[in-house]
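Here the protein sequences line up with chains A and B, keeping their order.
So the number in this note's numbering is just where the residue sits in the first sequence, counting from 1, plus 1285.
So the number in this note's numbering is just where the residue sits in the second sequence, counting from 1, plus 1285.
Built from N, CA and C at the ideal position, the CB exists for glycine as well.
Data block below; observations after.
Number of protein chains: 2
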Amino acid sequence: RIAMLLAAPRSADRPLIGRKALVTAGPTHEPIDPVRFIANRSSGKQGYAIAAALHDMGADVTLVSGPTTLPTPAGVQRIDVETAREMLAACRRALPVDIAVCVAAVGDWRPTAPSTVKLKKTPVTPRALELIENPDILAEISRPGPERPQLVVGFAAETDAHLADAVHKRQRKGCDWLVANDVSPGADIFGSAENQVSLVSEAGVDPWPRMPKNAVAARLATLIARHLVGDG
Amino acid sequence: RIAMLLAAPRSADRPLIGRKALVTAGPTHEPIDPVRFIANRSSGKQGYAIAAALHDMGADVTLVSGPTTLPTPAGVQRIDVETAREMLAACRRALPVDIAVCVAAVGDWRPTAPSTVKLKKTPVTPRALELIENPDILAEISRPGPERPQLVVGFAAETDAHLADAVHKRQRKGCDWLVANDVSPGADIFGSAENQVSLVSEAGVDPWPRMPKNAVAARLATLIARHLVGDG
């Protein structure tokens, strides 16, 4: 009983109590046919770490996740999806929230007409797979309106990252903050436990040192709490 | 010391001692750009189970595996690859072997010209992804020659499986046995612990009952041992 009292949440440690957060994480899978799909190298680690960090600060967290092999962070409500369109629908159902952090590596394109049967080899090669653009989940959530979260944070993973591009991307998407990271093969970020990001906001560009993904998550969650509820 | 003697291999239990086996398993990932790729739903479970079953029977097993989240079966030498071409090269290096079991779901196509930088969205949609046929690993290993394994077993996963097709496929590929399974979404095979297969050989088609993937592996390994070394 004493232990329970000692373990009770303290508001300084849990500044996001009473706040709802939506986090997207992982890749999307865009079907070509019943067995083949387009995927990407996102492991989901950074997004899961952010969901855990926001929960640790007291937020009520919904994690909309593409296919990953990660365990669900304790206390977080996880919704599994495969495609970008499923992810967008799950995000819409999770609204309204106070905070949205879009970390998922959403497939920009999907096959226009997925086959209902496994495609066979044909003598015709090369063949072309026709692709159509997926919805832009970050831009959708960022759009002004009654359900827009108070704070929308996007992630931008690029292999030829120029911070000037990230500044434009933040404006184009309409999000408040954009976390830009370099996922060149040489940077060794995908699947890694570490990340090196720059936080792009209206105030400018803040390059963070390389650090564990958990530390990126804790630092971001602290900034989110400060932005929403002040230093307390 | 007595325990060691009791645990010593008995030839009846380990009829494949002194035999080399090559098993392929899992999906392949065919890069579109540094972050995106074409994949498939193979979990690798059936191939890993076969590698373990052949090892249990005494074979010296090399497992050439596409990306999976499975642990390496004890005593099996595992070589990790991503693409079909890497898988073929790893298989060639593993030859000569007595037995080859090609369970991997090898991507039939790969993007013709993968980009070295992450592709950006463009105003041009739909866009087309040009694909070229991958090497046919099963057909390559089955080709007559001094390095052809004594027994080559292929797997054929189809969503609209007609056993007549499997009979033709065995002849076209040149393998000795073809294990045909139905991977329609309704059959719930990919990622599942169970499988329902038919063994196609020169002798005809033998449909097996639905059973755990480990049981399919044990039954196949027993038939392989019987074929290679007789009933003992």
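Interface residues of chain B facing residue i [CB-CB closer than 8 Å]
i	result
Asp1393(A)	Leu1404 and Lys1406
Beta-carbon spacing of residue i, residue j below 8 Å
i	j	result
Ala1406(A)	Glu1415(B)	Here the sequence assigns Lys to residue 1406(A), which means Ala is not the residue at that position. No, the pair does not count as a contact, with Cβ atoms beyond the cut-off.
Gly1392(B)	Leu1355(B)	no
Gly1311(A)	Gly1351(A)	yes
Val1388(A)	Leu1339(A)	no
Ala1510(A)	Pro1497(A)	no
Ala1424(A)	Lys1454(A)	no
Val1520(B)	Gln1331(B)	A question about residue 1520(B) goes unanswered here, because the residues of chain B that appear run from 1286 up to 1517.
Pro1319(B)	Ser1327(A)	no
Leu1463(B)	Ala1451(B)	yes
Pro1300(B)	Ala1336(B)	no
Ala1369(B)	Glu1432(B)	no
Ile1302(A)	Met1372(A)	no
Asn1466(A)	Val1482(A)	yes
Ala1503(B)	Ala1442(B)	no
Arg1395(A)	Ile1323(B)	no
Leu1484(A)	Asp1461(A)	no
Val1366(B)	Val1386(B)	no
Arg1304(B)	Ala1334(B)	no
Ala1413(B)	Ala1413(A)	yes
Ile1384(A)	Pro1434(A)	yes
Ala1306(B)	Val1402(B)	no
Ala1506(B)	Met1342(B)	yes
Thr1347(A)	Ala1374(A)	no
Cys1376(A)	Ile1426(A)	yes
First through last residue of the alpha helix (DSSP H) which encompasses residue i
i	result
Lys1330(A)	Lys1330 to Asp1341
Ile1323(B)	Taken as a continuous stretch (DSSP letters only), Ile1323(B) belongs to no alpha helix (DSSP H), being part of the beta strand (DSSP E) at Arg1321 to Asn1325.
Glu1425(A)	Ile1422 to Ser1427
Ile1509(A)	Lys1498 to Val1514
Ala1441(B)	No alpha helix (DSSP H) holds Ala1441(B); the beta strand (DSSP E) holding it covers Leu1436 to Glu1443.
Leu1373(B)	Ala1369 to Ala1379
Endpoints, the beta strand (DSSP E) within which residue i is located
i	result
Asp1450(A)	Careful: Asp1450(A) lies outside any beta strand (DSSP E), inside the alpha helix (DSSP H) at Leu1448 to Lys1458.
Ala1310(B)	Lys1305 to Ala1310
Leu1463(A)	Trp1462 to Asp1467
Ala1385(B)	Ile1384 to Cys1387
Arg1395(A)	Trp1394 to Pro1396
Leu1484(A)	Val1482 to Ser1486
Val1391(A)	Taken as a continuous stretch (DSSP letters only), Val1391(A) belongs to no beta strand (DSSP E), as it is neither H nor E.
Asp1491(A)	Gly1489 to Pro1492
Residue i: contacting residues in chain A (beta-carbon distance under 9 Å)
i	result
Asn1499(B)	Correct list: empty, because the minimum Cβ distance to chain A is about 21 Å.
Asn1480(B)	Simply none; closest approach about 15 Å.
Within chain B, the residues that residue i reaches when beta carbons sit closer than 9 Å
i	result
Arg1412(A)	Trp1394, Glu1415, Leu1416, Ile1417 and Glu1418
One or two residues paired with residue i in a DSSP bridge
i	result
Glu1415(B)	Ala1413(A)
Arg1363(B)	Leu1348(B)
Gly1476(A)	According to DSSP, which records beta bridges pairwise, Gly1476(A) is partnered with nothing at all.
Glu1315(A)	Ile1323(A)
Exercise for the section: Determine which residues of the stretch 1415-1448 of chain A have a Cβ less than 8 Å from any Cβ of chain B, and write them out in chain order. Expected result: Glu1415, Leu1416, Ile1417, Glu1418, Ala1442, Glu1443, Thr1444 and Asp1445
Problem - Near-chain B residues of the stretch 1452-1477 of chain A - C-beta to any C-beta below 9 Å - result: Val1468, Ser1469, Pro1470 and Phe1475
Problem - Near-chain A residues of the stretch 1314-1346 of chain B - C-beta to any C-beta below 9 Å - result: His1314, Ile1317, Asp1318, Pro1319, Val1320, Arg1321, Phe1322, Ile1323, Ala1324, Asn1325, Arg1326 and Ser1327
Handout entry: Cβ-based contacts, 9 Å cut-off: residues of the stretch 1348-1373 of chain A near chain B
Key = Thr1354
Practice task
Below 9 Å between beta carbons is the criterion; list the residues of the stretch 1380-1392 of chain A that meet it against any residue of chain B, in chain order.
Solution key: Ala1390 and Gly1392
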